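Scroll down for the structure; my scribbles are underneath it.
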Amino acid sequence: MAEKSRVLVIGGTGEIGKFIVKASAKSGRPTFALVRESTLSNPAKAEIIEGFKSLNVNLVHGDIYNQKSLLSAIKQVDVVISAVGRAQLEDQDRIVAAIKAAGNIKKSSVKFEANYFKFKYRTMLASPWLCFFL
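Letter 117 of the sequence shown, counting from 1, is numbered 117 in the UniProt record's numbering, and no numbers are missing.
See the structure below:
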């Protein structure tokens, strides 16, 4: 049996990202979530973080505004999903730059279906609201 792709979700504690992280982990894929230090100390996010831990999600400390931490996170995975919030949509070029620098991610997208999602390709960089139309 082929090894499952390692998945990094950027924006994984957000409104849509938390569902992507959970679905990936529940499907048996090694799942990583890029998490800011401020998120770990945010009481409003504590339940989400604990849920991730219970699913064996790897929490990777970093931020899209810290290229070194972003590059380090991307080098650990095969698939990158951006579920960043609306405020960061304009800054996704930082993610693209890190993917290019890492050199280990292949360009592609994600296909969503009913109550689960299936990785059809290797990378999706789009507004989370557009994912449902891919």
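C-beta: ideal position from N, C-alpha, C; glycine also.
Since the model is a prediction, treat every value here as computed from it, not as a measurement.
query: Endpoints, alpha helix (DSSP H) assigned at A46; result: 46-54
query: Pair within 8 Å by beta-carbon distance, I10 and I48; result: no
query: T31 (DSSP reduced to helix, strand or coil); result: strand
query: Touching by the beta-carbon criterion (3+ pairs, under 8 Å), the region 25-37 and the region 84-104; result: no
query: contact_flag[the region 11-27, the region 67-74] where n(CB pairs < 8 Å) is 3 or more; result: no
query: Cutoff 6 Å; reference G62; Cβ partners in own chain excluding five residues on either side; result: L34, S69, L70, A73
query: Pairwise C-alpha distance: P43 and K111; result: Any answer about K111 is weak, because its pLDDT of 36 lies below 50 and its placement is not dependable; what the coordinates show is given next. C-alpha separation (whole angstroms): 33 Å.
query: Counted within 10 angstroms of its Cβ, other Cβ atoms place L8 as buried (16 or more) or exposed; result: buried
query: Backbone CA spacing between V96 and D78 [nearest angstrom]; result: 14 Å
query: DSSP beta-bridge partners of I95; result: DSSP, once it has assigned bridges, lists no residue as partnering I95.
query: Endpoints, the beta strand (DSSP E) within which S82 is located; result: 79-82
query: Selected residue, minimal CA-CA separation from E15, among K45, S41, L40; result: K45
query: Whether R29 touches K53 by CB criterion (8 Å); result: no
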